[in-house]
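Here is the structure we will look at, set down as structure tokens.
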Amino acid sequence: SGGHSGQVLVIGVPSMRILKYIAVFTPEPWQGYGFDDQTKGLLASDSRGRNLTWADTHHPALSEQGGDYDGKFLFIGDKANARVAVIDLADFTTKQIVSTPLIGSDHGAAFVTPDTDYVIETTQYPVPFGGAYADPKTDYQGKFRGAAVFWKFDRAKGRIDKDASFAIEFPPYTQDLADAGKLTSDGYAFFNSINTELSWGGNQEGNPPMESGSSQHDMDYLHVVNWRKAEALIKAGRGETIQGMRVLRLDVAAAEGVLTFVPEPKSPHGVDVTPDGNDIVVGGKLDTHGTVFSFEKIKALIEAKQYAGKDDFGVPILDFKASIRGQVELGLGPLHTVYDGQGFAYTSLFLETVVAKWSLKDLKVVDKVSTHYNIGHLTAAEGDTVSPDGKYLIAMNKWALDRFTKVGPLLPQNFQLVDLTTPKMTVLYDLPIGLGEPHYAQMIKADKLHPVDVYRPGEDAVTSAPSPNATEGGKERVERRPDGVHVYMTAIRSHFTPDVVRVKEGETVHVHITNIEQAK
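Count along the sequence shown from 1, add 320, and you get the number used in my numbering.
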């Protein structure tokens, strides 16, 4: 992710060279993105009618088949403005941007189900659905809500089908990250949350700041969602249309076993399903453990309706100890976990500034490597699929203190390439990123990608279909219409036909340029 640049970075591994910026939510002059009618239309496709040219991209998600990357599509969320984009990896360009006025921000976006049936977007901060005003001092519990949006993906069209999408209403906790189950846990999705305290800040009114106010309880709630059951209930008409989207309301989701809570150590950040789908690993940022939840135990408890109680919103809660396989003592500030396919997990420790390698079988740490500085996310080669590659890991560090030439008070981030094949993890290379605070990454084997060398003649790069304005060589022309002058032009490298267009002062000119170059 390109963070506040609103873009996506493509980086080669192990070269650690930036190969491309994929323009997504912000204009990008080199590629003309945001300057022509088609891509201006993409940037203007906001459900709230806003004209946005900025974003905070967070979690890229590669499309999957059977829980493995297929190299076809990439999805990315805009945390700041609650949007999801579809990127076609045939040409590494953005094709679609979708949003719903139900939510105001997202953090758990984007994540995909194992066959990319759905692209999941989850709220971060709860808001009244549709963005209506409500006072948190009096209405927080009653009017503020979270949601998980399941965007239906049409693989044949390569687009999200908004009409076939739906949302599940959540209580007004702050949802964080998500992960879809796979193999044994396919059909379920898991969402972290914080702020069971329902803190909303207001330090000038005598309240604690939001972050400390939301860190008072020892436990928050892991949201366990049976999305296949939710899908069936939506198809059966049990949803309610709100702001143009079908929503499974909270009371229905709780009563029908769609939404179940499991206590998790406070301030959790990462929630990562193991390659076999059997376990869910959670890192509680204010806890020293990695907690390994057993999907088999959770499912059995739900089916037997063995609940320890309900929260204030009527959602059933499972017993914590009955839901876990165990805990591993990791260190200070555990965040995110990835896997190598060899039985080991790797967790970033934010406060300790290390990556911890630990055994999934024994729940014991076997190695740590120092990073530089304050690691947040990390990614391993296909490390969140059913078939991790197990060779490289990249530590995504928040700051590069004393690492590179000074460039002023705003420091670059630092991506560090870590070799997983040596007896002890070894840092091989540093890559400073002076752009937007990249947040998360996924790493796919290059031989799964098959981008085109040139577009088909007359293809619209945004719609991936023949353009109605396509012009063949030798058929260039200028037409005057009631809405202005239309120029049908061809381009071969820097040669344009026609290369001069004479119009009258005050006329509107529409220039339709068809690139007919077929050389690589």
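Note that beta-carbon positions come from the ideal geometry of N, C-alpha and C, so glycine has one too. This structure is a prediction, so every number in the text was calculated from the model and none was measured.
Report the rounded CA-to-CA distance for residue i versus residue j, giving the unit in angstroms.
| i | j | result |
| --- | --- | --- |
| L363 | A375 | 11 angstroms |
| S513 | V685 | 26 angstroms |
| P361 | A665 | The amino acid at residue 361 is misidentified as Pro; the sequence shows Gly. The straight-line gap from Cα to Cα measures roughly 43 angstroms. |
| L503 | A720 | 39 angstroms |
| T742 | E384 | 30 angstroms |
| D704 | D682 | 20 angstroms |
| P802 | R403 | 37 angstroms |
| V447 | A454 | 8 angstroms |
| G428 | L698 | 16 angstroms |
| Y445 | G332 | 34 angstroms |
| P786 | D819 | 24 angstroms |
| Y627 | L621 | 7 angstroms |
| S419 | L737 | 35 angstroms |
| S335 | P752 | 13 angstroms |
| E531 | V706 | 35 angstroms |
| D780 | T810 | 14 angstroms |
| D540 | S325 | 32 angstroms |
| P492 | Y749 | 42 angstroms |
| E796 | G778 | 13 angstroms |
| F613 | F486 | 27 angstroms |
| S302 | S534 | Here the chain has residues from 321 to 840 only, and residue 302 is not among them. |
| Q524 | D459 | 19 angstroms |
| T791 | D411 | 21 angstroms |
For residue i, list the residues DSSP reports as bridge partners.
| i | result |
| --- | --- |
| I396 | A405 |
| T442 | G428, A468 |
| H692 | Its beta-bridge partners do not exist; DSSP assigns none. |
| Y712 | D739 |
| Q385 | D388 |
| D682 | In the DSSP output, where bridge partners are listed per residue, D682 has none listed. |
| R566 | F486, T561 |
| F581 | H543, I637 |
| G323 | T377 |
| L329 | Y341 |
| L698 | A715 |
| E348 | Y353 |
| P788 | None; P788 has no bridge partner. |
Could you spell out where the beta strand (DSSP E) holding residue i opens and where it closes?
| i | result |
| --- | --- |
| A573 | Here A573 belongs to no beta strand (DSSP E); instead the alpha helix (DSSP H) covers 570–575. |
| T413 | 413–419 |
| D357 | From DSSP, D357 is part of no beta strand (DSSP E) but of the alpha helix (DSSP H) over 357–363. |
| G590 | 588–593 |
| V599 | As written in the sequence, residue 599 is Asp, which differs from the Val given in the question. Unbroken beta strand (DSSP E) run through D599: 599–604. |
| H609 | 609–614 |
| A676 | 674–679 |
| E560 | 560–562 |
| G804 | 804–812 |
| L671 | Taken as a continuous stretch (DSSP letters only), L671 belongs to no beta strand (DSSP E), as it is neither H nor E. |
| R797 | 797–801 |
| H832 | 829–835 |
| L339 | 338–342 |
| T817 | 815–817 |
What residues in its chain sit with their C-beta under 7 angstroms from that of residue i, if we drop five residues either side in the sequence?
| i | result |
| --- | --- |
| N841 | As shown, the chain starts at 321 and ends at 840. That puts residue 841 outside it, with no answer to give. |
| F449 | L422, R465, I562, Q563 |
| K630 | P636, I637 |
| Q662 | G710 |
| N694 | F670, T673, N717, K718, W719 |
| A327 | This sequence places Gln at residue 327; Ala is not what is there. Here the set comprises Y341, I342, A343, V344, T346, E348, T377. |
| I812 | I836, E837 |
| L730 | none |
| L497 | H427, G428, N512, H589, G590, V591 |
| R558 | L568, V572 |
By Cβ distance below 8 angstroms, which residues in the same chain neighbour residue i in space, the five residues on each side in sequence not counted?
| i | result |
| --- | --- |
| G451 | R368, P421, G424 |
| T828 | D803, G804, V805 |
| G798 | For clarity, residue 798 is Val in the given sequence; the question names Gly instead. Closer than 8 angstroms at Cβ, skipping near neighbours: V805, H806, V807, Y808, P818, V821. |
| L553 | G559, L568, V572, E576, V578 |
Tell me which same chain residues have a C-beta within less than 6 angstroms of the C-beta of residue i, skipping the five on either side of it?
| i | result |
| --- | --- |
| R548 | G507 |
| V432 | A381, E384, V439 |
| A484 | K472 |
| A701 | D709, K711, Y712, M763 |
| V747 | Q736, V738 |
| D474 | D481 |
| H815 | none |
Taking residue i as part of the alpha helix (DSSP H), name the residues at either end of that continuous run.
| i | result |
| --- | --- |
| E531 | 530–533 |
| K555 | 547–555 |
When the cut-off is 8 angstroms and only beta carbons count, does residue i lie next to chain E?
| i | result |
| --- | --- |
| A811 | The chain labelled as chain E is not found in the depicted structure, where only one protein chain is given. |
field: Any alpha helix (DSSP H) of 4 or more consecutive residues that is wholly inside the region 620–658
entry: 640–643
- prompt: Which runs of the beta strand (DSSP E) fall wholly inside the region 457–517 and span at least 3 residues, in chain order?
  reply: Runs found: 466–474, 479–490, 494–500, 508–514.
task: Kindly provide the ranges of any beta strand (DSSP E) runs that are 3 or more residues long and lie completely inside the region 734–780, ordered along the chain.
output: 746–753
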